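A quick write-up on the structure given underneath.
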Amino acid sequence: MALSNTYQLAVIISCFLLPIITYLCFTQRPKKSSAGPLPPPTEITDIFIHPIKSCHYITVKSARLLPTGLDLDRHWMWVSYPELKFQTIRQTSKMTLIRPSYDAETDTLTVVAPVPNSIDQKLQFSVPAHPSSEWLENNTQLVNANIWGKETPAHAYSTDLTGSFNEFFGKEVRLVYKSPFFDAPRMLPSNGAERILGRPASTCFPDLMPILVGCESSIEELNSRIRANDDITIDIHRFRPNIIFKGNKPWDEDRWKTLRILPKPGSNNATQRFVLDVTQRCARCQVPNVDPDSAEKHKRQPWDTLMKYRRVDEGITYKPCFGMLCVPRGDGGILEVGMKMEVTEVTNKHRYIPGF
Ligand SMILES: *[C@@H]1O[C@H](CO)[C@@H](O)[C@H](O)[C@H]1NC(C)=O
Ligand SMILES: *[C@@H]1O[C@H](CO)[C@@H](O)[C@H](O)[C@H]1NC(C)=O
């Protein structure tokens, strides 16, 4: 009887379990290696900072990388009053006509916007770009600002400074500020949450992650498709990225997992190393249809084209993707155009976790 039991067991294993094990081995194994080999190195070709959420960008040659993102990027945000709810291009396209500029000598941020229905009149104010907590105590009020349905502490500027912008918005607004150094951190949601990223990380007022990177090779490929239907070229600014890489194969960034940024060739500081964890693809809304220079929204592009072939993330199939969201590791330092970038890890497991 014992022998026959063993025999029966052997038959069960070979008939049922072995095929299942074999099937699992063959279906799992190719998946593991299908992320493919590491791409060749590339380089940083542009750096953009958007000091105020949803407002115009600034082009820079270098920027300080902080754990929360690039210094000055989205440290400010407009909110409605008295609700203190965040205002974005999604509802108000013309917000992109608000132009911040940075003067390094005086460490001042100056904000300029056109007066509605006027050809040449401007609204303008200036504030310290890196305010001390004492300056904030004197000139702002601590509030809870609402961004994507969540409250986060922020400093609301006195209307003595920003009041003229009510005219631009056509309603009561306040400008709020969040310091990346001494304010209560806004912890990352989605794929940046501690249980997924493996460490606590925060940011100021970006929608999701501290850094958005994009590739020239991908925007060129997108434009070649758009031009087949419409006489328009989409500038990469519309996607509001921070760091642009030259890139290699279009859309190869879909599988990037870890990036290492190295000094420029010939740099006298060979010790610099910056590491970015790529958390997910950036799922897009219709904001890129807005031209940041004119604030005009195109009826079709690039949304229609992106919807045709860039719904590539299993976690958010109803939205097209452009660019990759990243969280810096370590304390950061100065990033420069021309720095080399190596992808040190790739993955085929990127999956967007919706929700803020
Ligand atoms: C804040 O206000 C106090 C009292 O008016 C003043 O003495 C101080 O210089 C101000 N500090 C800053 C940074 O503006
Ligand atoms: C070189 O880079 C490191 C790392 O970013 C930085 O800590 C150091 O201050 C830099 N040294 C010089 C001379 O710029």
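Take 630 as the starting number for the sequence shown in the numbering used here and just add one per residue. Where a beta carbon is used, it is the ideal one built from N, C-alpha and C, also for glycine. Since we're looking at a predicted model, the values are computed, not measured.
Would you say residue i faces chain B, with C-beta separation under 8 Å as the test?
i    : result
N768 : Looking for chain B here will not work: only one protein chain is present.
So, helix, strand or coil for residue i, using DSSP?
i    : result
P711 : coil
E974 : strand
G778 : coil
H866 : helix
I727 : coil
F951 : strand
Y938 : helix
L771 : strand
D859 : coil
I872 : strand
W885 : strand
G967 : coil
I848 : helix
D702 : coil
P957 : strand
R980 : coil
V842 : strand
R991 : What the structure shows of the chain is the stretch from 630 to 985, and residue 991 is not part of that stretch, so it cannot be assessed.
L804 : strand
D749 : coil
L765 : helix
D933 : helix
Does ligand 4 have even one heavy atom less than 7 Å from the beta-carbon of residue i?
i    : result
S808 : Among the ligands present in this structure, namely ligand 1 and ligand 2, ligand 4 is not found.
What does a CB cutoff of less than 7 Å around residue i pick up in its chain, not counting 5 residues either side in sequence?
i    : result
V975 : A664, G665, L667, R884, W885, K886
I629 : The structure shown does not extend to residue 629, since the chain spans only 630 to 985, so no value can be given for it.
A758 : L701, Y731, D736, T737, L738
T671 : F874, K875, G876, N877, M970
E943 : R980
A830 : P696, L817, G821, V956
N795 : E801, V802
R902 : R889, L891
Answer yes or no: the CB of residue i versus the heavy atoms of ligand 1, is any distance below 7 Å?
i    : result
N767 : yes
W764 : yes
S663 : no
S761 : yes
Leaving out five residues before and five after residue i in sequence, what residues of the same chain have Cβ atoms less than 6 Å from its Cβ?
i    : result
T717 : S683
K660 : Caution is warranted here: a pLDDT of 48 is assigned to K660, below 50, making its placement in the model unreliable, and the coordinate value is therefore given only provisionally. Correct list: empty, nothing qualifies.
P879 : S846, S847, E850
G895 : none
K690 : V966
I681 : W705, P729
S787 : N768
M724 : S683, C684, I718
I917 : First, the amino acid is wrong: residue 917 is Pro here, not Ile. Closer than 6 Å at the Cβ level, and outside the excluded window around P917, lie R867, F868, P931.
Taking DSSP's pairing of strands, which residues face residue i in a bridge?
i    : result
F677 : T688
T755 : Position check: residue 755 holds Ser in this sequence, whereas Thr was assumed. Bridge partners of S755: T739.
S787 : Note: S787 sits in no beta bridge, so no partner.
G962 : L694
F903 : I890
T671 : M970
L826 : BP columns for L826 are empty, so no partner.
M816 : S831
Q909 : L954
V919 : K926
D732 : T737
Which same chain residues end up closer than 8 Å to residue i when comparing Cβ atoms and leaving out the 5 residues on each side of it in sequence?
i    : result
I863 : I848, L851, N852, I855, P917, Q930, P931
N773 : L713, E780, T781, P782, A783
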